[in-house]
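When the letters of the sequence shown are read in order and numbered with my numbering, they come out as residues 3 to 127.
Backbone N, C-alpha and C define an ideal beta-carbon position, used for all residues, glycine too.
Note that this is a predicted model, so its numbers are computed, not measured.
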Amino acid sequence: MSEYAAPTHCPVCHETLRVTGLRCPHCRTRIEGEFVLNEFALLPPEPLEFLRLFVKARGNLKEVERILGVSYPTVRARLEALLRALGYEVEEETNDERAEVLAALERGEISAEEAAARLRALRKR
């Protein structure tokens with residue numbers, strides 16, 4: 003029998019669904035009630051896959067970058083998207099500026115020293 007991910011939103015009104023029943027596949031015990039899904043269960047597929055990879059890499063963004071074969075700013079952008087999907091506030095301006103500095107470094111437009119200085123200045127704000 004195929005297993006499918008539980009739907010998280012109503013197909014009619016798009017509100018978040020609640021779990022109303024659980025069953026043990028071993029002993030067939032059933033539990034009924036109304037259970038709220040946590041924020042991780044409500045993640046769309048793409049941020050969920052990024053979260054799994056991030057945890058597997060033990061939070062090391064350079065390792066995530068290596069595994070995905072994308073640039074560090076792309077990994078940072080995906081992390082920011084994950085944080086937004088979880089409902090956490092993201093300091094947009096500072097993160098955009100940080101990504102710009104890292105992208106300039108990656109393109110060779112600035113030196114590592116210049117990038118470090120700019121990032122320190124952003125952190126102080």
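Checklist line | Local Cβ density within 10 Å of Pro27, reported as buried at 16 or more and exposed below that | finding: exposed
Notebook entry, point to check: Just to confirm, does Phe56 get its C-beta within under 8 Å of one of the non-hydrogen atoms of the ligand HEM?
Noted result: Ligands are entirely absent from the displayed structure, and the ligand HEM is therefore not among its contents.
Notebook entry, point to check: According to DSSP, what are the bridge partners of Arg25?
Noted result: Answer is Arg32, bridged to Arg25.
Item checked: Extent of the continuous alpha helix (DSSP H) to which Arg54 belongs -> Pro47 to Lys58
Note to self: For Thr18 and Leu44, which I take to be in contact (beta-carbon distance under 8 Å), what is that distance rounded to the nearest angstrom?
What the structure shows: 7 Å
Note to self: Rounded to whole angstroms, what is the Cα-Cα separation between Arg86 and Tyr6?
What the structure shows: 26 Å
Next item on the list: Starting from Thr18, follow its DSSP beta bridges and name the residues at the other end.
Entry: His11
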